[in-house]
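Numbering (this note's numbering), first residue to last: 10 to 283. All residues carry an ideal CB built from backbone N, CA and C; glycine is no exception. Just below is one structure, and these are the notes that go with it.
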Amino acid sequence: MRKKAPPAQAYAQISRKLMLRAPAEKPAAARHHAQAYALQDISASRWRAIEHQARFLQLELWNSRNSLWKSDAPNDPIDVLQPGVALKQKGYKIQTVDSLPEETHQGQRIKTAGLLDQDNRVVQISRAFSRQEQFFTSAHELGHVVLGHDGVRIHRDRPMDQVGWYKDQREHEADWFAACFLMPAKQVRSWFGNLFLTEHFILTEQTAFALCTKPIDVVMSRFRTRRDLSIALARANMYGTRPMPSLVELFNVTPQAMAIRLEELDLVADPRPT
10 MRKKAPPAQA YAQISRKLML RAPAEKPAAA RHHAQAYALQ DISASRWRAI
60 EHQARFLQLE LWNSRNSLWK SDAPNDPIDV LQPGVALKQK GYKIQTVDSL
110 PEETHQGQRI KTAGLLDQDN RVVQISRAFS RQEQFFTSAH ELGHVVLGHD
160 GVRIHRDRPM DQVGWYKDQR EHEADWFAAC FLMPAKQVRS WFGNLFLTEH
210 FILTEQTAFA LCTKPIDVVM SRFRTRRDLS IALARANMYG TRPMPSLVEL
260 FNVTPQAMAI RLEELDLVAD PRPT
């Protein structure tokens with residue numbers, strides 16, 4: 010049986026476009042989580058604590074929304090999930106720059122997506138990446154701040170040559186914080202149920218046609234893995250005859266990041282169960 014990657018490791022893999030032999034599926038049950046986290050010698054309780062810290066910050070932003078946004082206070086809990094606002098609240102400034110310095114490590118050229126300067130309390134985000142990746146990087150740097158990671162200058166790297174890249178524990182933790190902060194379990198489950206009319210999507214003749222307007226045999230040829238189906242659900246802006254906002258648009262994340270979150274929350278069944 011193939012070992013499953015921890016949630017934070019999976020986000021790090023997709024956010025840096027690493028070359029993987031197979032998509033990493035997320036365990037849904039806590040007992041599987043503990044086993045997966047042990048692969049990195051990081052306890053399941055630590056990951057749960059990080060998720061709790063993300064949730065606490067979400068509630069803090071929601072309860073403070075009138076003072077933070079003044080007359081333009083959000084009415085939807087998703088709209089307060091703004092890492093820039095949270096960083097400003099914690100005394101940091103965000104600067105968006107055309108690019109950040111590249112580095113070389115063991116022959117790899119590394120693009121830097123974000124830089125946290127703790128001495129000057131500045132976060133720099135590179136415009137060289139997509140809007141969704143910049144948003145995730147901001148949340149990643151916010152994670153470093155909230156989790157109290159040491160290091161005067163911490164940067165979020167990205168390898169350019171599509172090979173594996175080692176990340177220390179702080180980077181895994183910051184990626185996991187960003188995922189929990191930007192895609193809260195309660196809101197993702199609620200929107201998923203509203204959009205797809207189910208708490209656990211199973212590919213059938215009916216759901217295949219509603220999602221792709223194709224017979225199930227054609228759809229099955231497209232979705233060879235759970236990740237393929239999850240990405241399609243993350244991107245979908247039509248289900249049946251109903252136009253709708255996609256989960257990617259609602260939460261302002263990449264399709265890959267949302268797909269991993271759907272699998273973590275056990276919202277998508279493997280289209281080809283073994």
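Report buried or exposed for H153, applying the criterion of at least 16 other Cβ atoms within 10 angstroms of its Cβ.
As a first step, residue 153 is located in the sequence shown; it is residue number 144 there, counting from the start. With 16 or more other Cβ atoms from the protein chains shown falling within 10 Å of its own Cβ, H153 counts as buried.
Quick one: any contact between the segment 67-75 and the segment 87-94, if contact means 3 or more CB pairs under 8 Å?
yes
Span of the alpha helix (DSSP H) holding S230?
Counted from its first residue, the sequence shown places residue 230 at position 221. From DSSP, the alpha helix (DSSP H) with S230 extends over 225-231.
Cα separation between L220 and G157?
The sequence position of residue 220 within the sequence shown is 211, counting from 1. The sequence position of residue 157 within the sequence shown is 148, counting from 1. One C-alpha to the other measures close to 43 Å.
Between the CA atoms of F205 and T250 - distance to the nearest angstrom
As a first step, residue 250 must be located in the sequence shown, where it is residue number 241. As a first step, residue 205 must be located in the sequence shown, where it is residue number 196. The straight-line gap separating the alpha-carbon atoms of T250 and F205 is approximately 12 Å.
Considering A118, what are the terminal residues of the beta strand (DSSP E) in which it resides?
The sequence position of residue 118 within the sequence shown is 109, counting from 1. Here residue 118 turns out to be Arg, not Ala, going by the sequence shown. For R118, the uninterrupted beta strand (DSSP E) run begins and ends at 117-126, by DSSP.
Closer than 6 Å by C-beta to Q143: which residues in its own chain qualify, once you throw out the five before and the five after it? Chain order, please.
Taking the first residue of the sequence shown as 1, we reach residue 143 at position 134. Here the set comprises I134.
May I ask which residues mark the beginning and end of the beta strand (DSSP E) holding V131?
For the purposes of this step, residue 131 is taken as the residue at position 122 of the sequence shown. Note, V131: beta strand (DSSP E), 131-135.
I need the straight-line Cα distance from K239 to A268, nearest angstrom please.
The count along the sequence shown starts at 1 and reaches residue 239 at position 230. The count along the sequence shown starts at 1 and reaches residue 268 at position 259. For the record, residue 239 in the displayed sequence is Ser; it is not Lys. Cα to Cα, S239 sits roughly 5 Å from A268.
Does DSSP put P254 in a helix, in a strand, or in coil?
The sequence position of residue 254 within the sequence shown is 245, counting from 1. Correct three-state label for P254: coil.
Helix, strand or coil at V262 [DSSP, three-state]
Sequence index remark: in the sequence shown, residue 262 carries index 253 (1-based). Coil.
Where does I103 sit, in a helix, a strand or coil, going by DSSP?
Within the sequence shown, numbered from 1, the residue matching residue 103 stands at position 94. When DSSP states are grouped into helix, strand and coil, I103 belongs to the strand group.
Are there 16 or more other CB atoms within 10 angstroms of the CB of I211, so buried, or fewer, so exposed?
By one-based count along the sequence shown, residue 211 stands at place 202. Result: exposed.
Taking all protein chains shown into account, decide if P280 is buried (16 or more other Cβ within 10 angstroms of its Cβ) or exposed.
As a working mapping, residue 280 is identified with position 271 in the sequence shown. With 16 or more other Cβ atoms within 10 Å, it is buried.
Given 8 Å as the limit, is there contact between the segment 123-139 and the segment 101-108, that is, 3 or more CB pairs closer than that?
Judged by Cβ distances under 8 Å, the segment 123-139 makes contact with the segment 101-108, as three or more pairs qualify.
Under a Cβ-count criterion, where at least 16 other Cβ atoms within 10 Å of its own Cβ denotes burial, should G116 be classed as buried or exposed?
Within the sequence shown, residue 116 is the residue found at index 107, counting from 1. The residue in question, G116, is exposed, as its Cβ has fewer than 16 Cβ neighbours within 10 Å.
How big is the Cα-Cα spacing for E272 and K120?
Translated into positions along the sequence shown, residue 272 becomes position 263. Translated into positions along the sequence shown, residue 120 becomes position 111. Computed Cα separation, rounded: 28 Å.
I need the straight-line Cα distance from K223 to A245, nearest angstrom please.
Position 214 of the sequence shown, counted from the first residue, corresponds to residue 223. Position 236 of the sequence shown, counted from the first residue, corresponds to residue 245. CA-to-CA, the gap between K223 and A245 works out to about 14 Å.
Within the continuous alpha helix (DSSP H) that includes D279, where are the two ends?
Taking the first residue of the sequence shown as position 1, residue 279 is located at position 270. No alpha helix (DSSP H) contains D279, which DSSP labels as neither H nor E.
Three-state class that DSSP yields for F205 in the structure shown:
Locating residue 205 in the sequence shown gives position 196, where the first residue counts as 1. Residue state, collapsed to three classes: helix.
Spell out the partners DSSP gives M247 in its beta bridges.
In the sequence shown, the residue the question calls residue 247 occupies position 238. Note: M247 sits in a beta bridge opposite P252.
Cβ neighbour criterion (16 or more within 10 Å) applied to M247:
Taking the sequence shown and counting its residues from 1, one reaches residue 247 at position 238. Exposed, since its Cβ has fewer than 16 Cβ neighbours within 10 Å.
The alpha helix (DSSP H) spanning F210 covers which residue range?
Taking the first residue of the sequence shown as position 1, residue 210 is located at position 201. Careful: F210 lies outside any alpha helix (DSSP H) and carries neither H nor E.
Give the secondary structure of E111 by DSSP, where H, G and I count as helix, E and B as strand, and everything else as coil.
Taking the sequence shown and counting its residues from 1, one reaches residue 111 at position 102. Three-state result, E111: coil.
Just verifying my parser: in three-state terms, what is the DSSP assignment at G93?
Walking along the sequence shown from the start, residue 93 turns up at place 84. Here G93 sits in helix by DSSP.
Run the CB neighbour count on S147, radius 10 Å, all protein chains shown included, and call it buried at 16 or more, exposed below.
Position 138 of the sequence shown, counting from 1, holds the residue named residue 147. Classification of S147: buried, given that the 10 Å Cβ count is 16 or more.
Spatial distance of I59 from E208 (CA atoms):
As a working mapping, residue 59 is identified with position 50 in the sequence shown. As a working mapping, residue 208 is identified with position 199 in the sequence shown. If I take the Cα positions, the gap works out to 25 Å.
Note down the Cα distance separating R270 from T263, rounded to an integer number of angstroms.
As a working mapping, residue 270 is identified with position 261 in the sequence shown. As a working mapping, residue 263 is identified with position 254 in the sequence shown. When rounded, the distance between both Cα atoms is 11 Å.
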